[in-house]
Ligand code: SF4
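Printed below as a string of structure tokens:
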């Protein structure tokens, strides 16, 4: 049950039936280092520093996105660093665990619903993502079957309906904009009908990775709501903001969506004032406000991306010398169990 929520007997019965069918729901989860996979793949044979897949998080890069990144300066660097599996992912680091934010302990009504912050519910609305980011802190979450996902969505919406302490629902990854139009529209309509909600927030990479998905139909289903829509766009490198992504962002702006940005500080990709300066200037020119720059969450398989906190703080101070204050995001770390992010600079 969502904390503070009042559940009807029917809803409780449905959730209990759900948990017996899907033991993942509400299960306490030990954070353990990922298993080491020493098997050799075709790609390894071809290219010594890349591997084709990591057991539970295979490579996924849409061909069109790959082709777009091949046409812009540094695009292939951004592509390789963020989305191509690296052999370092197989190294075991004791502080890098499967569930670094302990999210498995934050849900019980549905595997898709997390209650981490007061007044806000986090719904992992999409079943999949348009791309697999190698640093993703949810990379070890199991993918639900289509049937499990549909059922879990239903239970999540039921729980949100009964918890009148909620003001905002955050739709997050699995990317919400990978839902088909009618399911997305249904989710938005169910949320819009709840008098206690004041806004819907969507965290997404879709406008960057698959901008062709931002169709009139998607926009109709997303924005046809009494609730203001906030989109938090995830990108980490200026090369990703090419013409196609810019057009998708413009289409969202034209529907009155408030656009914010969040990114992750990644070693070797964007841990320089030069790259971040270009990224934030480009975002502002597209009408997207830099909001959070996250320090890496210590998920198993991502240690090679880690940037020390003090280097991140130095970078933010440098950027504040180069850019107006509103163009520099807050440097944040998420600490499990805390009611809000910890701001470092
Ligand atoms: S799109 Fe978001 S949720 Fe999906 S793999 Fe990338 S970082 Fe993770």
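Numbering (the numbering used here), first residue to last: 6 to 350.
Note that the Cβ used here is the ideal one computed from N, Cα and C, for glycine as well.
Since we're looking at a predicted model, the values are computed, not measured.
So, under 8 Å CB-CB, residue i and residue j are touching, yes? Tell me the CB distance rounded to an integer number of Å.
i           : j           : result
residue 309 : residue 93  : 4 Å
residue 2   : residue 180 : No statement about residue 2 is possible, as the shown extent of the chain runs from 6 to 350 and does not include it.
residue 144 : residue 304 : 6 Å
residue 274 : residue 87  : 7 Å
residue 176 : residue 206 : 7 Å
Taking DSSP as the reference, what is the three-state secondary structure of residue i?
i           : result
residue 102 : strand
residue 190 : helix
residue 121 : strand
residue 266 : strand
residue 208 : strand
residue 338 : strand
residue 165 : helix
residue 203 : coil
residue 239 : strand
residue 66  : coil
residue 198 : coil
residue 176 : strand
residue 221 : helix
residue 87  : helix
residue 136 : coil
residue 318 : helix
residue 309 : helix
residue 283 : helix
residue 299 : strand
Beta-carbon within less than 6 Å of residue i's beta-carbon, same chain only, minus the 5 sequence neighbours each way: which residues are those?
i           : result
residue 323 : 278
residue 162 : 195
residue 53  : Reliability of the predicted coordinates at residue 53 is poor, the pLDDT of 40 falling under 50, and the value obtained from them is presented with this limitation in mind. Excluding sequence neighbours, residue 53 sits near nothing in its chain.
residue 312 : 270, 272 and 276
residue 244 : 77, 79, 80 and 83
residue 70  : 214
residue 331 : none
residue 211 : 135, 180, 182 and 218
residue 105 : 142, 302, 303 and 304
residue 197 : 230, 231 and 232
Between the options, which lies nearest to residue i when the distance is taken from Cα to Cα?
i           : options               : result
residue 327 : 285, 313, 349 and 143 : 285
residue 246 : 344, 88, 79 and 141   : 79
residue 364 : 100, 66, 95 and 101   : Because the chain here runs from 6 to 350, residue 364 falls outside it and cannot be looked at.
residue 140 : 155, 271 and 244      : 271
residue 190 : 224, 157, 316 and 202 : 224
residue 157 : 114, 175, 147 and 137 : 114
residue 208 : 267, 257 and 226      : 267
residue 318 : 330, 142, 97 and 335  : 335
residue 168 : 307, 118 and 332      : 118
residue 184 : 283, 252 and 131      : 131
residue 100 : 325, 307 and 333      : 307
residue 280 : 188, 315, 260 and 333 : 333
residue 61  : 73, 97 and 148        : 148
residue 282 : 325, 291 and 260      : 325
residue 228 : 291, 259, 252 and 211 : 259
residue 150 : 164, 291 and 133      : 133
Excluding five sequence neighbours on each side, which residues of the same chain lie with their C-beta closer than 8 Å to the C-beta of residue i?
i           : result
residue 337 : 297, 298, 299, 300, 346, 347, 348 and 349
residue 89  : 55, 64, 66 and 139
residue 137 : 62, 63, 64, 65, 66, 88 and 144
Please state if the CB of residue j and the CB of residue i are separated by a distance shorter than 8 Å.
i           : j           : result
residue 193 : residue 230 : yes
residue 235 : residue 265 : yes
residue 240 : residue 213 : yes
residue 129 : residue 178 : yes
residue 204 : residue 166 : no
residue 293 : residue 254 : yes
residue 232 : residue 202 : yes
residue 109 : residue 341 : no
residue 216 : residue 250 : yes
residue 219 : residue 256 : yes
Keeping to the same chain, check which residues put their C-beta closer than 7 Å to that of residue i; ignore five residues upstream and five downstream.
i           : result
residue 222 : 186
residue 344 : 122 and 123
residue 75  : 81
residue 98  : 308
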